[in-house]
Structures are given as structure tokens and as C-alpha cells.
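Quick note on UniProt numbering: the sequence shown kicks off at 1 and runs consecutively.
C-beta atoms are modelled at their ideal positions from N, C-alpha and C, and glycine is treated no differently.
The block underneath contains the structure these notes are about, expressed in C-alpha cells.
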Amino acid sequence: MNRKVKLLIPKDRGELIPIFFVVVLILVYVTFELCVILPTIYNNIFTYKEICHLIFGFYVIFNLIGNLFLCMATDTSIDTIICPVLLPAPTVHTSTNSQQDMLFYYCNWKYCHQCEVNVPPRSQHCHLCKKCVLKRDHHCSFLGRCIGFRNIRYYMCFLVWTWIGLVYCNILHMDYTYELVGSFSWRVIVACLFPFGAWLFRVLDHFSLLLSFICSTSLVLSLYILFLIIQQSYLIINGQTWHEYGKNIQIYNTYKNLQSNIEIVFGKRWFFVFFSPLVSSPPLGDGMTFDTTMGDDSGDIRRMGMKRT
């Protein structure tokens, strides 16, 4: 547990600011929905509908916070594996072709001068985390963590439940606005889309400015999170990481079916992981060996990485 707590603190202290922003934003939305939205909609009457809202709301918070904690507390570095002292024999030979050179670099074990250790294929050194990360996807500054082989499942579940929570908040905000003003007018639309402008022109008072700002940011954030989910889902379906997508590396797309690509990230029990972060479903593989297509016409699939004895 002490190790997990230490992992929650990012190596770069500057990233404490965006992490603090994420935590405060979650607390603000939870407090706003519980103390302002629900009491206004149900007129402070404790009905079965409000109980259902509370149960679903706390279930969303449980999944959101649980996946956030596990995403940040999971060690994604190569410190938990035993790296070979000598580099294994290369599986792709270099040539004058730049594509072959790229395959040689990204398909084989290599030496990291910063960590002073041999690292497996698809592992990259993060200068913010100051460690090499297994199957590194990208570094998320809002979480202060690298997303890699072991925690990408929690990262995706965190995004999905954050989006569900924001959509749920937007629905409640619509009910709240209708309950407050009785109808949707141009003033309400302007207040939601441009809260500061409406406040400057005295369309809104100070409290209404706060309400409009929270409602408008929840709408914008829900669209942004949905965009991230679509992007990450595209990479999972294609068997790529963000780093490989940027370098146009497609050798790990072995044309497997959709379920196989999902299980590589979410494990065999992938259909349960979205219901609870406590479900045990480790990703397939060891993070060191991967199936690849060598780019030849025959479409042969080979196992890249250190061979097991």
C-alpha cells in the first residue's frame, strides 16, 4: 500500500496542478449535483426517484474514482520484470531501407541509457516519469502517469465512466434549467453557451453565472472525453499505441478479430471490467513479447521479443 501511495505522487511536481484540477472538478460536480440540482428538481422531497438517482450517481463515482486510483497507483514501469543482461539476438536485420531500420529499432530489445537497462519492444522511456514504461502508449499530464501495458484498462474505464457521469449531469442540468425558468429561451441558450458574456451584459447575476459556467463546462468536457474515447478505441482496435500511431508503425496489427484486440488490453473478462474496477482481468501477454506482421506479402505473423526457454 505504501508503494501504491508513492506512485500517486508524480515525478514532475508541476503535474500536481492538473491532478489537483481533476480532483477539484470531480468534487465540484458531485457537490453541485447533490446540493443544488437534485434538491431543486425534487423540491427537497426524498422520493424513490431521488433514491435511484443517488444510487446511480454513487455507482458512477465509485467506478470513476476507483479506476482513477488504480490507473495512477499501478506500476507501469519495467522495474517489475527481470530484464536480460545481454540484448537478445535481433529478429529483424538492418538494411539501407529506412522502413527496415525502423522495424529493427521498434521490434527488438534495446538499451536505455537513462535507465541503464535493456528494455523490451514497444517500451519507451518517459522523461516526465523518468522510467521506461512497458508498452508505453502516452503520458497523461492530467493524471501525472504514463499509460501503458498494465494500466490502459483503468485509463479507458476512467474515460468511459467520466463521460457517463458528464452525460448524466447534462441531463440533470436540462431538467434543472426547465424547472428553474419553465422553458428554453434564447436567454437560457446564451447563458449556457457564453456565461461570462451574459454576465457582463447583466443577463445573469453572480449565482446564475456560476450555475451556467458549470453547466457549459460539463457539456464541453463530455464532448472532449468522447473524442478521447473514440481516439483510444481506434488505437485498441488497430493494435497500436499513440507512439506507434505517430510513427506510422503498423507491424503490431496482426489482423486479429476485434475480441482478440480487446482482450490484449482488457483481458479475458473484458465484458465485466466496465462494471467495476475491482474485477480481476489482467491483459493478455507479459508486455515483452508481441505478435507482429513483418510486412511481407505472405502476411506471416511472428512472435517478437525475447524467446522463452
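**OP:** Could you check if N67 is buried or exposed, using at least 16 other CB atoms within 10 Å of its CB as the buried criterion?
**Re:** buried
**OP:** Determine the closest residue to I251 out of S260, L258, Q240 and V279, with distance taken between C-alpha atoms.
**Re:** Q240
Original post:
Can you name, in chain order, every residue of its own chain whose Cβ lies under 7 Å from the Cβ of L284, other than the five neighbours on each side?
Top reply: Around L284, the same chain offers E263, I264 and G267 as residues with beta carbons nearer than 7 Å, after the five sequence neighbours per side are excluded.
**OP:** Please go through the same chain and pick out, in chain order, the residues whose beta-carbon is closer than 8 Å to the beta-carbon of C126, but skip the five residues on each side of it.
**Re:** For C126, where only same-chain residues beyond five positions count, the Cβ hits under 8 Å are C132, V133, R136, H139 and C146.
**OP:** Please work out which residues of its chain come closer than 7 Å, Cβ to Cβ, to N261, disregarding the five sequence neighbours upstream and downstream, and give them in chain order.
**Re:** I236, I237 and G239
**OP:** Report all residues from its chain with a CB closer than 7 Å to the CB of D12; omit the five preceding and five following residues, and keep chain order.
**Re:** L128
Subject >> Extent of the continuous beta strand (DSSP E) to which I147 belongs >> reply: R145 to I147
Subject >> Inter-stretch contact (C-beta, 8 Å, three-pair minimum) for the segment 61 to 81 and the segment 270 to 279 >> reply: Contact between the segment 61 to 81 and the segment 270 to 279 is present, with at least three C-beta pairs closer than 8 Å.
Original post:
So who's on the other strand from V30, going by DSSP bridges?
Top reply: In DSSP, V30 forms no bridge with anything.
Subject >> Cutoff 6 Å; reference N151; Cβ partners in own chain excluding five residues on either side >> reply: C71, T74 and T76
Original post:
Hey, F158 and I19: beta-carbon distance below 8 Å or not?
Top reply: no
Original post:
Starting from V119 and walking both ways along the beta strand (DSSP E), at which residues does that stretch end?
Top reply: V117 to V119 is the extent of the beta strand (DSSP E) around V119.
Original post:
Going by other Cβ atoms of all chains shown within 10 Å of its Cβ, with 16 needed for buried, is E15 buried or exposed?
Top reply: buried
Original post:
Around the Cβ of G295, are there at least 16 other Cβ atoms within 10 angstroms (buried) or fewer (exposed)?
Top reply: Bear in mind that the predicted position of G295 carries a pLDDT of just 47, short of 50, making it unreliable; the figure below should be weighed with that in mind. By the neighbour-count definition (other C-beta atoms within 10 Å, threshold 16), G295 is an exposed residue.
Original post:
Leaving out the 5 sequence neighbours to the left and right, which residues in its chain are closer than 7 Å to E50 when beta-carbon positions are compared?
Top reply: L38 and Y42
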